[in-house]
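Here the sequence shown stands for residues 1 to 390, numbered as in my numbering.
Below is one structure, written out as structure tokens; comments come after it.
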Amino acid sequence: MPVKNRFAELSDEITAWRRDFHTHPELRFEETRTAGLVADRLKAFGCDEIVEGFGKTGVVAVIRGRKNGSGRTIGFRADMDALPIEEATGLPYASENPGKMHACGHDGHTSMLLGAARYLAETRNFDGTVVLCFQPAEEGGGGAKAMLDDGLMERFSIDEIYGMHNWPGIEAGQFAVLEGPQMSAAQAFTITVKGTGGHGAMPHLTVDTSLVASHIVVAMQSVVARAVNPLKSAVISLCGLRSDTDIFNVIPDTVTIKGTLRYFNKDVRVVIGERMDAIIKHTAEAYGARASLEFLGDGVPPTVNDVQAARYATAAAKAVTGRETVDIDPVMPAEDFSQMLEARPGAYVFIGNGDSADLHNPHYNFNDDILPVGCSFFAELAESRMPIAD
Ligand SMILES: [Zn+2]
Ligand SMILES: [Zn+2]
């Protein structure tokens with residue numbers, strides 16, 4: 001694989017960083033050890049500016065090229081946080097923090113961007129500025145928003161931004177980049193059904209919330225099937241169903257249903273919201289109960305790559321691997337990098353993790369073989385997007 005030679009030399013060291021992060025996973029906005037190591041290394045590499053505590057526990061570093069005739073500033077982002085999952089890999093460097101695990105490969109993402117930082121600070125073979133964004137709390141914590149709220153784009157004058165996620169099931173070290181939507185929007189919600197609980201033997205004296213909730217679960221399946229244009233995509237999954245009783249002969253007063261909504265298109269989101277609301281309200285009414293729908297926060301928007309930025313990223317990927325990128329469809333998981341892409345043009349790319357366990361699985365592990373490839377991608381993109389004219 002024609003990765004940059006420097007990364008082949010550095011690969012043992014970058015692998016050691018990755019495994020150390022893996023052993024010491026930290027959850028959202030608690031990434032102080034990780035961020036401290038990141039900042040120490042960035043200082044040792046000779047970055048021009050390093051800001052710690054950005055977006056709570058994030059780190060930002062600036063590397064200036066040998067020239068700055070272009071006046072362009074490109075941002076690269078990696079996420080640092082782990083998940084509340086008990087690791088089951090049995091690896092010699094498995095998590096030492098009970099109930100916490102790097103099950104999404106953010107240990108690898110952080111290490112790849114650090115590796116790229118070392119190379120870029122050594123060589124500075126580009127005409128412009130690179131800003132490295134080590135983001136906290138990607139896993140549902142609002143880390144991207146925290147960095148944006150701290151003025152990431154304005155303070156560092158970022159013109160465009162790129163990020164990378166490993167992807168199990170894509171051949172190790174191959175890239176997949178889409179022009180347009182790459183990942184879905186995500187919106188969590190809770191449905192609350194209220195009735196009148198009572199004795200299971202005398203249901204005629206109750207308003208049975210279990211029955212009402214069951215009808216809502218079934219009717220909800222009609223929303224995507226019958227209200228969304230079949231050429232557009234959406235998912236409604238009702239994932240958690242809980243009543244306020246768990247014994248055999250008590251009809252519950254209240255049942256709550258937790259779920260997630262996924263979509264790419266804002267119009268689809270509006271239609272789904274209206275249909276969900278109507279079905280929930282009127283189904284409950286038909287049975288003499290009351291029900292409400294609550295969307296939790298704003299969710300995250302779809303991850304939409306700028307067409308031109310996706311082409312730059314694809315060209316850099318091809319230059320690194322010597323191969324075409326892999327054809328994929330957009331995926332329904334979501335990513336808060338989408339908020340950075342709403343602020344600036346850019347692209348989010350997948351790098352194949354090979355035949356590994358899936359993301360968020362207790363057996364998952366980041367594939368160390370792809371570290372030099374990911375580092376090379378960032379370095380190549382900086383050099384090709386901001387070339388030094390001779
Ligand atoms: Zn994840
Ligand atoms: Zn992730």
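Where is the CB? At the ideal position from N, CA and C, for every residue including glycine.
Just so you know, these numbers come straight off a predicted model, no measurement behind them.
Rounding to the nearest angstrom, what Cα-Cα distance links Val-331 and Ser-233 in this structure?
10 angstroms
Going by the DSSP bridge assignment, what does Tyr-312 pair with across the sheet?
Beta-bridge pairing links Tyr-312 to no other residue.
Could you give the distance in angstroms between the alpha-carbon of Ile-351 and the alpha-carbon of Thr-283?
45 angstroms
Between Leu-231 and ligand 1, is the CB less than 7 angstroms from at least one heavy atom?
no
As an exercise, report each continuous alpha helix (DSSP H) stretch of at least 4 residues that is fully enclosed by the stretch 96-158, in chain order.
106-123, 143-149 and 152-155
Beta-carbon gap between Gly-105 and Asn-361 smaller than 8 angstroms
no
Please write down, chain order preserved, every residue whose beta carbon lies under 6 angstroms from a heavy atom of ligand 1.
Cys-104, Glu-139, Leu-359 and His-360
Cα-Cα, which of Phe-156, His-204 and Asp-107 is closest to Thr-129?
Phe-156
Residue range of the unbroken beta strand (DSSP E) whose run includes Gly-299
Unbroken run through Gly-299: none, as it is neither H nor E.
Regarding Asp-336 and ligand 2, is the C-beta to nearest heavy atom distance less than 7 angstroms?
no
May I ask you to report which of helix, strand or coil DSSP gives Cys-239?
strand
Cβ-heavy atom distance between Asp-107 and ligand 2 below 7 angstroms?
no
Assuming Val-320 contacts Ser-237 under a Cβ cut-off of 8 angstroms, what Cβ separation, rounded to an integer in Å, is found between them?
So it is not a contact: roughly 36 angstroms between Cβ atoms.
Going by other Cβ atoms of all chains shown within 10 Å of its Cβ, with 16 needed for buried, is Asn-365 buried or exposed?
buried
By the 10 Å Cβ neighbour count, where 16 or more other Cβ atoms means buried, how is Ile-402 classified, buried or exposed?
Any property of residue 402 remains undetermined from this structure, which presents the chain solely from 1 to 390.
If you draw a straight line from the C-alpha of Leu-359 to the C-alpha of Ala-309, how long is it?
26 angstroms
Can you tell me whether Ile-170 is buried or exposed? The criterion is at least 16 other CB atoms within 10 Å of its CB, across all chains shown.
buried
Do His-102 and ligand 2 come close, with the Cβ less than 7 angstroms from some heavy atom?
no
Would you kindly report the start and end of the unbroken alpha helix (DSSP H) that includes Pro-252?
Segment: none, Pro-252 is in no alpha helix (DSSP H) and carries neither H nor E.
Hey, could you find the ends of the alpha helix (DSSP H) Met-276 is sitting in?
266-286
Among residues of its own chain, excluding the 5 on either side of Asn-265, which ones have a beta-carbon nearer than 6 angstroms to its beta-carbon?
Lys-232
Does the distance from the CB of Glu-31 to the CB of Asp-81 come in under 8 angstroms?
yes
Reduced DSSP secondary structure (H/G/I, E/B, other) of Met-332
coil
If we count the other Cβ atoms within 10 Å of its Cβ and call it buried at 16 or more, is Phe-378 buried or exposed?
buried
Per-residue burial, Gln-174 [other beta carbons within 10 Å of its own, 16 or more giving buried]
buried
Could you check whether the Cβ of His-165 sits closer than 7 angstroms to any heavy atom belonging to ligand 2?
yes
Work out the CA separation of Pro-301 and Lys-100 for me, nearest whole Å.
27 angstroms
Can you tell me where the alpha helix (DSSP H) with Ala-82 in it begins and where it stops?
Run containing Ala-82: none; DSSP gives neither H nor E here.
Pick from Ala-382, Leu-42, Ile-388 and Asp-390 that is closest to Asp-159, judged by C-alpha positions
Ala-382
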